[in-house]
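Here is the structure we will look at, set down as structure tokens.
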Amino acid sequence: MSYKEVYAGWQADPEAFWMKAAEAIDWIKAPSKALWDDDAPLYEWFKDAQVNTCYNAVDRHVEAGNGDRVAIIYDSPVTGQKSKTTYAELQEQVAALAGGLAAKGVVAGDRVVIYMPMVPEALVAMLACVRIGAIHSVVFGGFAANELAVRIDDATPKAIIAGSCGIEPGRIVEYKPLLDGAIDLATHKPEFSVIFQRPQCEAELGPQDIEWHELQKGVPPAPCVAVSGDHPAYILYTSGTTGAPKGVVRPTAGHLVALNWTMKNIYNVVPGDVFWAASDVGWVVGHSYICYAPLIHGNTTVVFEGKPVGTPDATTFWRVIAEHDVRSFFTAPTAFRAIKRQDSKGESIKNFDMSRLRALYLAGERADPDTIEWAQEVMGVPVYDHWWQTETGFTIAGNPAGIEAMPVKIGSPTVAMPGYDVQILDEGGHQVPVGELGAIAVKLPLPPGTLPTLWNASDRFIKSYLTTFPGYYETGDAGMIDEGGYLYIMARTDDVINVAGHRLSTGGMEEVLASHPDVAECAVIGVSDELKGQLPLGFLCLNDGCTRTAEQVVAEVITLVREKIGPVAAFKLACVVDRLPKTRSGKILRATMVSIADGKAYKAPATIDDPAVLDEVRLALQKLGYAQP
1 MSYKEVYAGW QADPEAFWMK AAEAIDWIKA PSKALWDDDA PLYEWFKDAQ VNTCYNAVDR
61 HVEAGNGDRV AIIYDSPVTG QKSKTTYAEL QEQVAALAGG LAAKGVVAGD RVVIYMPMVP
121 EALVAMLACV RIGAIHSVVF GGFAANELAV RIDDATPKAI IAGSCGIEPG RIVEYKPLLD
181 GAIDLATHKP EFSVIFQRPQ CEAELGPQDI EWHELQKGVP PAPCVAVSGD HPAYILYTSG
241 TTGAPKGVVR PTAGHLVALN WTMKNIYNVV PGDVFWAASD VGWVVGHSYI CYAPLIHGNT
301 TVVFEGKPVG TPDATTFWRV IAEHDVRSFF TAPTAFRAIK RQDSKGESIK NFDMSRLRAL
361 YLAGERADPD TIEWAQEVMG VPVYDHWWQT ETGFTIAGNP AGIEAMPVKI GSPTVAMPGY
421 DVQILDEGGH QVPVGELGAI AVKLPLPPGT LPTLWNASDR FIKSYLTTFP GYYETGDAGM
481 IDEGGYLYIM ARTDDVINVA GHRLSTGGME EVLASHPDVA ECAVIGVSDE LKGQLPLGFL
541 CLNDGCTRTA EQVVAEVITL VREKIGPVAA FKLACVVDRL PKTRSGKILR ATMVSIADGK
601 AYKAPATIDD PAVLDEVRLA LQKLGYAQP
């Protein structure tokens, strides 16, 4: 079947579509129907089913005779360690840890906060929780104590599972002092903490702490516990506009059905293939595509502890792909911009056999055309941008390569996936004409696996996502759909700027800046202007080895924007900086940059990679007459 036939089949009968997809899951009690809409606009899927996530991700593969298949490849250039864990070994490790947690009184419905580095044990901890019906909440390893405390108070966990340290290029980050500080700050106190000791830095244990292996001694392995289809598998916190984190709830049954469906239909892998998502378990990509989806589908997943550059150099990704026979690779565009900055011609890839790789998938931020074209040329495989959010847990729009590899239109994440009726709306909630910019919204109900609500905050969920456009989920992104049905994500809604009455996309300007041969990375923000309301201001990071002066490049990109977008953009402000402020997942902190430029109070997000970059941005803005001290 073609993509259009599959999508039309979903549109004609969503219930039948998702019940068919549900047949790939091993149910303890199969669902009687797919959608439960009694409490609209709050929807639930497969609510009356009984199922276990860990059984579907681990045990069923062992029982099917695939226990010797590799489940997890661990590759850590920061420690020099590599290992492989089979499905049978994973089952043993998960059941043992789950048994230890159960012996300490953790039962179905209890929350467990996980604060771990990128090691296989992070996945073991997640799977051990869902094995016994505990609801895990993974917090990015190394998060500041106060941010961890906020999440402890919201999730009220019975236990915390933490690593003793994380390892960054050139430094060790001790987790235990941060964890102790968070528990001191938090109103809620967990009953105990499980500490996984790493040899690079062993933590000193307190009276409430128990070492990972000690927890498991002398207790029986835990069996899989049946939970209802609407039981939360996990809570994942995402930044809220008010500063308070929002706890995205992931329902068990819909999560299983949707993620399993994506592996073949979107990522075009079959059980046994090696799949690598270069992310972190602290992010939604780590949940969906390092831990759950590959294992549910019977693939081998790669747990990578390193960086695209600096561990040791810009060849790391190529080595991992070649060495581990990766078939489908998923990362953020920012990783490729970092590689391109150090190796602008992509010469280093010639030393590695990439012939087994089928495709590169990009997500997490807008993929600028220049980065996509560079990756296509250097890697020699299709490059598929796709778009989704923490809230959805899987692809809203993408290229369904396992159904039909559709022509790539650079700048577009292609088309809406089954389950998503994506529409472009004006401020009044009316559809805009084809090709016009507007707010991207998804008609309710959202598909299985997406958030049904926020943890203990249904009112906030409705206010944040369902109020602006009644009957729709508000994505917070702006874009357009062309005559072929291809979606274009142009900016966050907040990043659409108004220049003398003209609504302009900062993303469109960034595409032009990125096309300059000396520009490795860029960002455009809107700064306040008395005459025009807002003016665009560009930040440029130049390629390593660039011989041109900053003044020359700035003058040329200003001319480029005038040629490509026109005088209406009023693009006259740009500066060269060494780095852009980003989250650890690679998202550029444009809203924070706007606050600095306009002299407004701001709070650096907890997820910021390096707060010192904000000072560099401030200095660059001051030279342009903004961000006055």
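Per full-length UniProt numbering, the very first residue in the sequence shown carries number 1; after that it's consecutive.
Note that the Cβ used here is the ideal one computed from N, Cα and C, for glycine as well.
- Runs of the alpha helix (DSSP H) lying entirely within the segment 80 to 158, each at least 4 residues long, are 87 to 103, 120 to 131 and 145 to 155 in chain order.
- In the three-state reduction of the DSSP assignment, W387 falls in the strand class, which pools E and B.
- The continuous beta strand (DSSP E) containing V524 extends over residues V519 to D529.
- DSSP lists no bridge partner for L619.
- Take the alpha-carbon of A375 and the one of Q342: they are about 14 Å apart.
- Beta-bridge partners of D477 (DSSP): R492.
- If you draw a straight line from the Cα of G625 to the Cα of A125, it is about 50 Å long.
- Taking the CA atoms as reference points, K20 sits about 53 Å from A574.
- Straight-line measurement puts the Cα of K82 at about 18 Å from the Cα of C291.
- Taking the C-beta atoms as reference points, L236 is found no nearer than 7 Å to N56.
- With respect to the C-alpha of D368, the residue from P407, L513 and V302 having the closest C-alpha is L513.
- As the crow flies, the alpha-carbon of L360 is around 9 Å from that of Y267.
- Shown here, W261 sits in a helix according to DSSP, grouped into three states.
- Contact annotation, D110 with A88: C-beta distance approximately 28 Å; criterion of less than 8 Å not satisfied.
- For T301, the enclosing beta strand (DSSP E) begins and ends at T300 to F304.
- Judged by DSSP secondary structure, R250 falls within the beta strand (DSSP E) whose first and last residues are K246 to P251.
- Membership of I339 in the alpha helix (DSSP H) is indicated by the continuous run P333 to Q342.
- In the DSSP assignment, I235 falls within the unbroken beta strand (DSSP E) covering P232 to T238.
- Here the segment 70 to 82 does not lie against the segment 478 to 494, with fewer than 3 beta-carbon pairs under 8 Å apart.
- Of the residues D273, V524 and R131, the one whose Cα lies closest to the Cα of L535 is V524.
- In this structure, the beta-carbon distance from Y289 to A278 does not fall below 7 Å.
- In the DSSP assignment, T583 is bridged to I608.
- For E211, there is no enclosing alpha helix (DSSP H); the enclosing beta strand (DSSP E) has its first and last residue at D209 to E211.
- I462 and T453 have their C-alpha atoms spaced approximately 8 Å apart.
- Around the Cβ of T475, a 10 Å sphere holds 16 or more other Cβ atoms; the residue is buried.
- Between the C-alpha atoms of W18 and H297 there is a straight-line separation of about 17 Å.
- The three-state secondary structure of Q197, taken from DSSP, is coil.
- Taking 4 residues as the shortest admissible run, the segment 359 to 424 contains the following complete alpha helix (DSSP H) segments, listed from N- to C-terminal end: 369 to 379.
- The residue among R198, K350, A149 and S505 with its C-alpha nearest the C-alpha of K189 is A149.
- Annotated as proximal: A222 and R131, with beta-carbon spacing under 7 Å.
- A residue is called buried when at least 16 other Cβ atoms come within 10 angstroms of its Cβ; G566 does not meet this threshold and is exposed.
- DSSP, reduced to helix, strand and coil, places V270 outside both helices and strands of the structure shown, so it counts as coil.
- When the five nearest sequence neighbours on each side are left out, the beta carbons in the same chain lying within less than 6 Å of the beta carbon of E44 are those of W36, D230 and P452, in order along the chain.
- With distances taken between CA atoms, G507 lies nearest to G526 out of G526, V432 and A203.
- In this structure, the CA atom of G170 is about 28 Å from the CA atom of I183.
- Taking V383 as reference, the option from Y602, N456, T392 and E373 with the minimal CA-CA separation is E373.
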